[in-house]
Amino acid sequence: MSDVVEQFEREARGGRRGGLDPVRAELDALIAHTVETLRERSGAFWERYETERDPAALAAWFVPRCWREIDYVFMLGEVIRRYGLTFERRHITALSRQLLDEAEHYDDVGRIIERLGGTVPTEPPPSAVTWSRFLWDCLDRHFLGAIAAWNMSETAATGTLEGIVAAGQRYDLPDVVKTYEQIIRDEKFHVGLGRALLDRYIADERDLAEVHRAMTTMAKIVVESHVAIDLVV
Ligand SMILES: [Fe+2]
Ligand SMILES: [Fe+2]
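All residue numbers for the sequence shown refer to the working numbering, where the first residue is 39 and numbers rise by one.
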């Protein structure tokens, strides 16, 4: 088991009921593979950037990342509004805290884009359209669907975060370093929370099937969408 998965397991352990148990090993293997795939693919982006340090290309790299932050805000709000009262009060509070974090990430990543001369997205850029549509579809289908899909997406994205901080240090981009160090801290909470909620609230085979569908499909989607560069300037 990778360090990443072990860490998430530890954070999810408090008070879990084990709803994920039947698919845990399968999902952990999928997560470990997806995280590593994204780590390699985002590394390839930074190798290209090394040869041609183009601020427009860098701004474009952050555009889909920025969009995902604000789409999480919208989705968290809708999950809380639509399904919040099916969760314990402390879980409504935790989801609300995540919503605020994601709004701050949108603001911070947006500032990076503007400093690089780009435009902060206010609609899904091309590479995020399939990702966004799938998440909203999962949200409509089942009360745990969006949480499952975004948990896979956020977990997979952790494979890119340390590389972004290292690149920020290498290329003297202090705003990138500061923003992504904070995002790394926040994502530990978000990923652990999502995992804990799935473990806690999966109650029957239908719940498990919806969560499994959301996570396995999202694993395929992120491999393309999380390393895309949208030339929206
Ligand atoms: Fe975020
Ligand atoms: Fe997050």
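Heads up, the beta-carbon is just placed ideally off N, CA and C, and yes, glycines get one too.
Inter-residue spacing [alpha-carbon to alpha-carbon] between residue i and residue j
{"i": "E248", "j": "K258", "result": "16 angstroms"}
{"i": "G183", "j": "S263", "result": "19 angstroms"}
{"i": "G57", "j": "M190", "result": "16 angstroms"}
{"i": "Y144", "j": "G197", "result": "19 angstroms"}
{"i": "A162", "j": "T168", "result": "One point to set straight first is that residue 162 is Pro, not Ala, in the sequence displayed. Straight-line Cα distance between these residues: approximately 9 angstroms."}
{"i": "F125", "j": "D224", "result": "21 angstroms"}
{"i": "V147", "j": "G155", "result": "13 angstroms"}
{"i": "A186", "j": "A82", "result": "28 angstroms"}
{"i": "W84", "j": "A241", "result": "43 angstroms"}
{"i": "V261", "j": "E74", "result": "10 angstroms"}
{"i": "R127", "j": "S134", "result": "11 angstroms"}
{"i": "Y239", "j": "R86", "result": "43 angstroms"}
{"i": "G230", "j": "E192", "result": "10 angstroms"}
{"i": "T274", "j": "H180", "result": "Outside the shown range of the chain, which is 39 to 271, sits residue 274, and nothing can be said about it."}
Classification of residue i by the beta-carbon crowding that lies within 10 angstroms, buried from 16 upward
{"i": "P164", "result": "exposed"}
{"i": "M39", "result": "Because the pLDDT of M39 is 41, which lies under 50, any placement of that residue in the model is unreliable, and the number read from its coordinates should be weighed accordingly. Answer is exposed; the Cβ neighbour count stays below 16."}
{"i": "R103", "result": "buried"}
{"i": "P93", "result": "exposed"}
{"i": "R233", "result": "buried"}
{"i": "P212", "result": "exposed"}
{"i": "E64", "result": "exposed"}
{"i": "D178", "result": "exposed"}
{"i": "A67", "result": "exposed"}
Coil, strand or helix - residue i by DSSP
{"i": "T254", "result": "helix"}
{"i": "E116", "result": "helix"}
{"i": "E192", "result": "helix"}
{"i": "A234", "result": "helix"}
{"i": "A241", "result": "coil"}
{"i": "Y110", "result": "helix"}
{"i": "L177", "result": "helix"}
{"i": "D19", "result": "Because the chain spans 39 through 271 in this model, residue 19 falls outside it and cannot be assessed."}
{"i": "L182", "result": "coil"}
{"i": "V101", "result": "helix"}
{"i": "E161", "result": "coil"}
{"i": "V270", "result": "Below a pLDDT of 50, predicted positions are generally treated as unreliable, and V270, at 48, falls in that range; the measurement from the model is reported next regardless. Reduced to three states, the DSSP call for V270 is coil."}
{"i": "R86", "result": "helix"}
{"i": "R55", "result": "coil"}
{"i": "G156", "result": "coil"}
Beta-carbon proximity of residue i to residue j, cut-off 9 angstroms
{"i": "V111", "j": "E140", "result": "yes"}
{"i": "I108", "j": "A194", "result": "no"}
{"i": "P159", "j": "W105", "result": "yes"}
{"i": "H71", "j": "Q136", "result": "no"}
{"i": "M256", "j": "W174", "result": "no"}
{"i": "I222", "j": "V214", "result": "no"}
{"i": "R91", "j": "Y209", "result": "yes"}
Range of the contiguous alpha helix (DSSP H) that encloses residue i
{"i": "E152", "result": "127 to 153"}
{"i": "E90", "result": "Note, E90: premise wrong, no alpha helix (DSSP H); not H, not E."}
Contact with chain C by residue i, beta-carbon distance below 9 angstroms
{"i": "E142", "result": "The chain inventory of the structure shown lacks chain C, comprising one protein chain alone."}
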